[in-house]
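Residue 2 is where the sequence shown starts when you use this note's numbering, and the numbers rise one by one after that. Where a beta carbon is used, it is the ideal one built from N, C-alpha and C, also for glycine. Data block below; observations after.
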Amino acid sequence: MTLVAVILPLTLLPMPQGLTDRQVYARCQAKLKGVARLQMEVHSLDKAGKYVAKQHTAWADSNRGYRIEGEAGWMTICDKKQVYERNSKGKVTVEDYDAWRLYNTLGFDIFPDESSPKLWGDKAEIVDFDKRSCYRLSPRYGESILADYTLYIDAITFLPAGFTERQMGEWSHTLAYRKIQLNPKLDPAKFKIPK
2 MTLVAVILPL
12 TLLPMPQGLT
22 DRQVYARCQA
32 KLKGVARLQM
42 EVHSLDKAGK
52 YVAKQHTAWA
62 DSNRGYRIEG
72 EAGWMTICDK
82 KQVYERNSKG
92 KVTVEDYDAW
102 RLYNTLGFDI
112 FPDESSPKLW
122 GDKAEIVDFD
132 KRSCYRLSPR
142 YGESILADYT
152 LYIDAITFLP
162 AGFTERQMGE
172 WSHTLAYRKI
182 QLNPKLDPAK
192 FKIPK
């Protein structure tokens, strides 16, 4: 079986129509329920939604911590006791554990949790995001008017596809998630802080 034979049927699947933002978010959470490990790439897009560059690759394990390797040579490793950071110039800092949880890797409390964002109950709009059809959600995070976020949920897989952040009404950045793997086998050594 060729790769085209596998991908083509996925692109022909009908996308559910008429879903509300709450229904889309609930389906995304259902996909992520029980996820203990995660691997993905994070890419940046410009204000117009055009591709800019790969930013980093992330690995996360709810029992072991996380590791993020940036394309510019920086790295962050958390072993749930300490957080090790090495910047692109090689400077290293080690701090106490930062109370990270698995959902922080995908950002914005997308995993089922008591701090999930507030949604309006409006019909979810399907838009083109990172060359795929995605539901666009505009949740509220608290009462702050300083920052707001738009979440993108893949309309076929219902996995998170990325987000756009605005600060004080101005575009700040857009990140797209690619090659998301749920519960992959991860080498425990990935989460060990270098001596």
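Using only CA atoms, which one of the options lies nearest to residue i?
i, options, result
"Asp80", "Trp60, Lys186, Gly122", "Trp60"
"Ser134", "Arg141, Phe192, Glu126", "Glu126"
"Tyr98", "Lys92, Glu86, Lys90, Tyr136", "Glu86"
"Val43", "Ile194, Ile157, Thr165, Glu171", "Thr165"
"Ala177", "Pro189, Lys92, Lys191, Leu160", "Leu160"
"Ser173", "Ile69, Cys29, Lys48", "Lys48"
"Ile157", "Asp129, Tyr67, Ala148, Arg167", "Asp129"
Quick one: using the 10 Å Cβ neighbour count with 16 as the cut-off for buried, is residue i buried or exposed?
i, result
"Asp22", "buried"
"Met169", "exposed"
"Thr175", "buried"
"Gln182", "exposed"
"Thr77", "buried"
"Tyr153", "buried"
"Leu11", "Per-residue confidence for Leu11 stands at a pLDDT of 47, beneath the threshold of 50, marking its modelled position as unreliable; no derived number is given."
Output needed for residue i: all residues of its chain with C-beta closer than 8 Å, excluding positions within five of it in sequence on either side, in chain order.
i, result
"Ala37", "Asp62, Ser63, Asn64, Leu103, Asn184"
In the DSSP output, which residue or residues are listed as bridge partners for residue i?
i, result
"Ile78", "Arg68, Tyr85"
"Ala61", "Leu39, Tyr67"
Output needed for residue i: all residues of its chain with C-beta closer than 7 Å, excluding positions within five of it in sequence on either side, in chain order.
i, result
"Trp75", "Arg87, Asn88, Ser89"
"Glu1", "There is no way to answer for residue 1, as the model of the chain reaches only from 2 to 196."
Who are the near neighbours of residue i in its chain, counting only those whose CB is closer than 6 Å to its CB and skipping five residues on each side?
i, result
"Ala73", "Ser89"
Determine, for residue i, whether the minimum Cβ-Cβ distance to residues of chain D falls below 8 Å.
i, result
"Ser45", "The structure shown contains no chain D; it holds only a single protein chain."
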